[in-house]
Amino acid sequence: MSAVLATSTGPREAPHSASLLEAIGLGRRFRGLAAVDAVSIDVCVGEIHAVIGTNGAGKSTLINMLSGELAPSAGTVRFAGHDVTRWSQPRRARAGLGRSYQRTTIFAEFSVLENCRLAAQASEQRPWLVWERAAHDRRGIAIATRAIAAAGLDGDAGRMASTLSHGAKRQLEIAMCLATAPRALLLDEPLAGMGAEETGRMLTLLSDLKATHAILLVEHDMDAVFRVADRITVMVNGQVIASDVPERIRSDPAVRLAYLGDAH
Amino acid sequence: MASEGAGNELREDGADVRAEVGALPDIGRREAGGWLVPVAAALAIAALPLVLSPYGQDVVVRIAIYAIFALSLELLVGATGLVSLGHAAFLGIGAYVTVLASGDSGASLALLVPLAMGAAAAYAVVVGALSLRTRGVYFIMVTLAFAQMAYFVFHDTKVGGGSDGIFLYVKPVLAVGATTLLDLGQRVPFYYSVLAALVATYAFIALLLGSRFGHALAGIRVNEQRMRAAGFATTPYKLAAFTVAGALAGLAGLLLAVKDGAVNPELLSWHESGAVLLMLIFGGIGSLRGAVLGAIAFTLLKELFQSEALLGPMAGHWQLTLGLTIIAFVAALPRGLIGLGTRVRGLVSERAARAATAKSP
Numbered sequence: 017m018s019a020v021l022a023t024s025t026g027p028r029e030a031p032h033s034a035s036l037l038e039a040i041g042l043g044r045r046f047r048g049l050a051a052v053d054a055v056s057i058d059v060c061v062g063e064i065h066a067v068i069g070t071n072g073a074g075k076s077t078l079i080n081m082l083s084g085e086l087a088p089s090a091g092t093v094r095f096a097g098h099d100v101t102r103w104s105q106p107r108r109a110r111a112g113l114g115r116s117y118q119r120t121t122i123f124a125e126f127s128v129l130e131n132c133r134l135a136a137q138a139s140e141q142r143p144w145l146v147w148e149r150a151a152h153d154r155r156g157i158a159i160a161t162r163a164i165a166a167a168g169l170d171g172d173a174g175r176m177a178s179t180l181s182h183g184a185k186r187q188l189e190i191a192m193c194l195a196t197a198p199r200a201l202l203l204d205e206p207l208a209g210m211g212a213e214e215t216g217r218m219l220t221l222l223s224d225l226k227a228t229h230a231i232l233l234v235e236h237d238m239d240a241v242f243r244v245a246d247r248i249t250v251m252v253n254g255q256v257i258a259s260d261v262p263e264r265i266r267s268d269p270a271v272r273l274a275y276l277g278d279a280h
Numbered sequence: 059m060a061s062e063g064a065g066n067e068l069r070e071d072g073a074d075v076r077a078e079v080g081a082l083p084d085i086g087r088r089e090a091g092g093w094l095v096p097v098a099a100a101l102a103i104a105a106l107p108l109v110l111s112p113y114g115q116d117v118v119v120r121i122a123i124y125a126i127f128a129l130s131l132e133l134l135v136g137a138t139g140l141v142s143l144g145h146a147a148f149l150g151i152g153a154y155v156t157v158l159a160s161g162d163s164g165a166s167l168a169l170l171v172p173l174a175m176g177a178a179a180a181y182a183v184v185v186g187a188l189s190l191r192t193r194g195v196y197f198i199m200v201t202l203a204f205a206q207m208a209y210f211v212f213h214d215t216k217v218g219g220g221s222d223g224i225f226l227y228v229k230p231v232l233a234v235g236a237t238t239l240l241d242l243g244q245r246v247p248f249y250y251s252v253l254a255a256l257v258a259t260y261a262f263i264a265l266l267l268g269s270r271f272g273h274a275l276a277g278i279r280v281n282e283q284r285m286r287a288a289g290f291a292t293t294p295y296k297l298a299a300f301t302v303a304g305a306l307a308g309l310a311g312l313l314l315a316v317k318d319g320a321v322n323p324e325l326l327s328w329h330e331s332g333a334v335l336l337m338l339i340f341g342g343i344g345s346l347r348g349a350v351l352g353a354i355a356f357t358l359l360k361e362l363f364q365s366e367a368l369l370g371p372m373a374g375h376w377q378l379t380l381g382l383t384i385i386a387f388v389a390a391l392p393r394g395l396i397g398l399g400t401r402v403r404g405l406v407s408e409r410a411a412r413a414a415t416a417k418s419p
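Take a look at the structure:
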């Protein structure tokens, strides 16, 4: 992880050539209906690329194709120089493509530490060493502890995950994602259901992570998106209608008409 | 994530947190008394022949074999969250292979154990590879279908003597040169061999569950999608668990064939698969002790309800009485017999709380 980060944290002059994750002409049809149609999008280390759009615009389908949970009907996905279109989700995850879910998907009955240790275990599984105790997994515990600290859950390592507040569960979701040592993060509505204070904390966290990660953010909270995003892609009916820096997206007439509405 | 410079400091934190977390029910499997309870139970079983009649010992052996069978299924149901309704196929295959490989002149245990477990594991690889593509109730039905397939192979062909089954004429021995180390045809060596197999199975599964492999299985049980997102190819993990469970069921089959001196297709029937699932539910899913407890309770209750001396003509309807009893138990103890202590404590504290609120106003 660190080698890649070291080379990519410098000033970026040509973001598109340095993109870590890239989709080219990605499409997915469900029974003739194009949920995602010829979408090209990329994200580089050092930036937050937000994807916004109305319900049913194809954001979740897009993120599922990027993460490998859903096979695309058309197009390619490239990650860190490899064509990963045919890679399974676990293989992409091990290569450094982490994701979080819209619906909280933590291991509710495990401790916060075990949630993250298990995620860290994915990068060094060696399941045949059955005489080694998982509870004494020094490497996993060290990685998990760092991830917990990075996500701002320091005091909660020993707590059972189900007892955390909603906001803390979302932070744990990020911590588990970090524990897999990803280079790119696909975040599906990390702010869903969060209060103002929790949202602020999460946005600070995302801004911190930006320096070392390529972040693709799908989010409904427009204020938050315009606060943290470096680039915004707007999707309507499975297609990209605009992709640009926030200032220009805000004033883009097509976006205003199709998505933000005349009220803005 | 944090910079490299903070590594040492953070590692210390890790150690602290680990000590703190040691007392937590990390994956919900830490049980009261730790190793003390199973070790004491094994010693007690080892001492039982001193006080038990040969018939009593026979019951203990039957219980121990079914406990191995139940433990093997617990690895799937309780640990991995895979509910199989075809587990008897592996028991039956282990038993049939033992009898078939023994032939007319008998065979060495050193050959039979790997053969019986290997054959059961091989069938488990095939069944697992095909059934693990499905989930939930479909998985239940596919495992059932594969077990019924194996059942009809033995029932309708001459491979294993058809519906009558076949006898095991010579019980297996373990010998080095001319010296016989172990003769399973004799009561006492067989008793302790079965006990040793039970202890080994229990210890092996406990070892698995505490390892990274076991923790990954627990993760798959709780949230398979999240495991895949973290980078675990979950199907190979589930297939490994399915195969190990099949091999251990094959071991139980070997012991059952030796105990009964015969095998018949009913060993592979869905009644057996259902019975072992009932043992787990009865004892408490999610606990190795529960699996053993379920095997004990199920076998003893079956003996009781089949006893004409005690129940007279009702003994002919043991399925009905056993079924009703299990329904009553499960209704009263949804977490199984293993949850009895917690349930009683809960009721007592509830009553105490109610008494306190009744007094206070």
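Same order as they appear, the protein sequences are chains A and B. Each step along the first sequence adds one to the number in this note's numbering, with nothing skipped, and position 190 is 206. Each step along the second sequence adds one to the number in this note's numbering, with nothing skipped, and position 151 is 209. Note that beta-carbon positions come from the ideal geometry of N, C-alpha and C, so glycine has one too.
Residue from A/Val146, A/Trp144 and A/Ala136 with nearest C-alpha to A/Arg162 | Numbered from its first residue, the first sequence carries residue 162 of chain A at position 146. Among A/Val146, A/Trp144 and A/Ala136, the Cα nearest to that of A/Arg162 belongs to A/Ala136.
Residues bridged to A/His98 (per DSSP) = In the first sequence, residue 98 of chain A corresponds to position 82, counting from 1. According to DSSP, A/His98 bridges with A/Phe95.
Under the DSSP definition of a beta bridge, which residues are partnered with B/Met199?
-> What you label residue 199 of chain B is simply residue 141 of the second sequence in a count that begins at 1. Note: B/Met199 sits in no beta bridge, so no partner.
Residues near B/Leu173 by beta carbon distance below 6 angstroms, same chain, minus five either side = Locating residue 173 of chain B in the second sequence gives position 115, counting from the first residue. The residues are Val155 and Ala159.
Flag B/Phe423 as yes if its beta-carbon sits less than 7 angstroms from any beta-carbon of chain A, otherwise no.
-> Because chain B spans 59 through 419 in this model, residue 423 of chain B falls outside it and cannot be assessed.
Would you mind reading off the limits of the alpha helix (DSSP H) that contains B/Thr238?
-> By one-based count along the second sequence, residue 238 of chain B stands at place 180. Segment Thr237 to Asp241 is the beta strand (DSSP E) holding B/Thr238; no alpha helix (DSSP H) there.
Partner residues on chain B for A/Met192, Cβ-Cβ distance less than 9 angstroms = The residue labelled residue 192 of chain A in the question sits at position 176 within the first sequence. Those within 9 angstroms of A/Met192 in chain B are Arg284, Ala287 and Ala288.
Between the Cα of A/Cys90 and the Cα atoms of A/Met192, A/Leu207, A/Asp53 and A/Ser116, which residue gives the shortest distance?
-> Here residue 90 of chain A refers to the residue found at position 74 of the first sequence. The sequence as given places Ala at residue 90 of chain A; Cys does not occur at that position. Closest option to A/Ala90, Cα to Cα, is A/Asp53.
Do B/Gly144 and B/Ala205 come within 7 angstroms of each other at the CB atom, strictly closer than that value?
-> Within the second sequence, numbered from 1, the residue matching residue 205 of chain B stands at position 147. Within the second sequence, numbered from 1, the residue matching residue 144 of chain B stands at position 86. Yes, the Cβ-Cβ distance between B/Ala205 and B/Gly144 is below 7 angstroms.
To which residues of the same chain is B/Gly80 closer than 7 angstroms at the C-beta, ignoring the five residues directly before and after it?
-> One-based indexing of the second sequence puts residue 80 of chain B at position 22. Annotation note: pLDDT 37 at B/Gly80 (below 50); position unreliable, no value reported.
What in chain A is Cβ-close to B/Val257, meaning under 7 angstroms?
-> Locating residue 257 of chain B in the second sequence gives position 199, counting from the first residue. Chain A residues near B/Val257: none, gap ~17 angstroms exceeds 7 angstroms.
C-alpha gap between A/Arg175 and B/Pro96, whole angstroms | Your numbering for residue 175 of chain A matches position 159 in the first sequence. Your numbering for residue 96 of chain B matches position 38 in the second sequence. Looking at the two C-alpha atoms, the distance is approximately 29 angstroms.
Quick one: list the residues of chain B neighbouring A/Arg47, beta-carbon separation under 9 angstroms, in chain order.
-> Position 31 of the first sequence, counting from 1, holds the residue named residue 47 of chain A. Those within 9 angstroms of A/Arg47 in chain B number zero; the least Cβ separation is about 22 angstroms.
DSSP-derived helix/strand/coil call for A/Ala34 | Position 18 of the first sequence holds residue 34 of chain A. In this structure, A/Ala34 counts as coil in the three-state DSSP scheme.
Where A/Glu63 meets chain B, residues with beta-carbon distance less than 9 angstroms = Sequence index remark: in the first sequence, residue 63 of chain A carries index 47 (1-based). What A/Glu63 touches in chain B: nothing, since even the nearest Cβ is about 18 angstroms away.
State the Cα-Cα distance for the pair A/His182 and A/Thr121, rounded to the nearest angstrom.
-> Counted from its first residue, the first sequence places residue 182 of chain A at position 166. Counted from its first residue, the first sequence places residue 121 of chain A at position 105. Whole-angstrom Cα-Cα distance: 12 angstroms.
Bounding residues of the alpha helix (DSSP H) (the contiguous stretch that carries A/Leu82) | Counting from one through the first sequence, the residue named residue 82 of chain A turns up at place 66. Where A/Leu82 is concerned, the enclosing alpha helix (DSSP H) stretches over Lys75 to Ser83.
In angstroms, rounded to a whole number, what distance separates the CA positions of B/Leu351 and B/Arg284?
-> Working through the second sequence from its first residue, we reach residue 351 of chain B at position 293. Working through the second sequence from its first residue, we reach residue 284 of chain B at position 226. Cα to Cα, the separation comes out at about 33 angstroms.
Where does B/Phe225 sit, in a helix, a strand or coil, going by DSSP?
-> To locate residue 225 of chain B, count along the second sequence from 1; it is residue 167. Strand at B/Phe225.
A/Thr220, enclosing alpha helix (DSSP H) - first and last residue | Taking the first residue of the first sequence as 1, we reach residue 220 of chain A at position 204. Ala212 to Lys226 is the extent of the alpha helix (DSSP H) around A/Thr220.
Jot down the residue ranges of each uninterrupted beta strand (DSSP E) in the region 273 to 317 of chain B, minimum 3 residues, whole runs only, in chain order.
-> none
A/Gly211 vs A/Gln187 beta-carbon contact at 7 angstroms = The sequence position of residue 211 of chain A within the first sequence is 195, counting from 1. The sequence position of residue 187 of chain A within the first sequence is 171, counting from 1. Result no, Cβ atoms of A/Gly211 and A/Gln187 do not sit closer than 7 angstroms.
Residue ranges of each alpha helix (DSSP H) within the region 354 to 399 of chain B, 4 or longer | 366 to 369 and 376 to 390
Can you tell me which of B/Ile123, B/Leu133, B/Gln115 and B/Gly114 puts its alpha carbon nearest to the alpha carbon of B/Gly427?
-> The requested residue 427 of chain B is not part of the displayed model; chain B covers only 59 to 419.
Which first and last residues belong to the alpha helix (DSSP H) in which B/Ile263 is found?
-> Start at 1 with the first residue of the second sequence, and residue 263 of chain B comes out as number 205. Looking at the DSSP string, the run of the alpha helix (DSSP H) that includes B/Ile263 is Arg245 to Gly268.
Span of the alpha helix (DSSP H) around A/Thr249 = Taking the first sequence and counting its residues from 1, the one referred to as residue 249 of chain A is at position 233. The continuous stretches of alpha helix (DSSP H) do not include A/Thr249, which lies in the beta strand (DSSP E) extending over residues Arg247 to Val252.
Alpha helix (DSSP H) segments (min. 4 residues) lying fully within the region 108 to 166 of chain B | 112 to 132 and 146 to 160
Spatially closest choice to A/Met192 from A/Phe126, A/Phe242 and A/Met251, by CA coordinates | Counted from its first residue, the first sequence places residue 192 of chain A at position 176. Minimum Cα distance to A/Met192 is reached at A/Phe126.
For A/Phe123, does the three-state DSSP call read helix, strand or coil?
-> In the first sequence, residue 123 of chain A corresponds to position 107, counting from 1. Correct three-state label for A/Phe123: coil.
Run down chain B in chain order and give the residues with a C-beta less than 9 angstroms from the C-beta of A/Arg115.
-> In the first sequence, the residue the question calls residue 115 of chain A occupies position 99. Here the neighbours are Ala287.
Have a look at the DSSP bridge pairing and note the partners of A/Ser259.
-> Against the first sequence, residue 259 of chain A aligns to sequence position 243. In the DSSP output, where bridge partners are listed per residue, A/Ser259 has A/Thr249.
Identify whether A/His65 lies in helix, strand or coil by the three-state DSSP scheme.
-> The count along the first sequence starts at 1 and reaches residue 65 of chain A at position 49. If DSSP states are grouped into helix, strand and coil, A/His65 belongs with the strands.
Report the neighbours of A/Leu145 on chain B: residues whose CB is nearer than 9 angstroms to its CB, in chain order.
-> Counted from its first residue, the first sequence places residue 145 of chain A at position 129. The contacting residues are Ser269, Arg270 and Phe271.
Return the residue from the list A/Leu36, A/Ala258 and A/Leu78 that minimises the CA-CA distance to A/Ala50.
-> Taking the first residue of the first sequence as position 1, residue 50 of chain A is located at position 34. Per the Cα distances, A/Leu78.
Go through its chain and collect everything with a Cβ distance to A/Phe123's Cβ below 8 angstroms, but skip five positions before and after it.
-> Your numbering for residue 123 of chain A matches position 107 in the first sequence. So the list reads Glu130, Asn131, Leu134 and Ala177, once near-sequence residues are dropped.
According to DSSP, residues forming a beta bridge with A/Ser116 = As a first step, residue 116 of chain A is located in the first sequence; it is residue number 100 there, counting from the start. DSSP, once it has assigned bridges, lists A/Leu203 as partnering A/Ser116.
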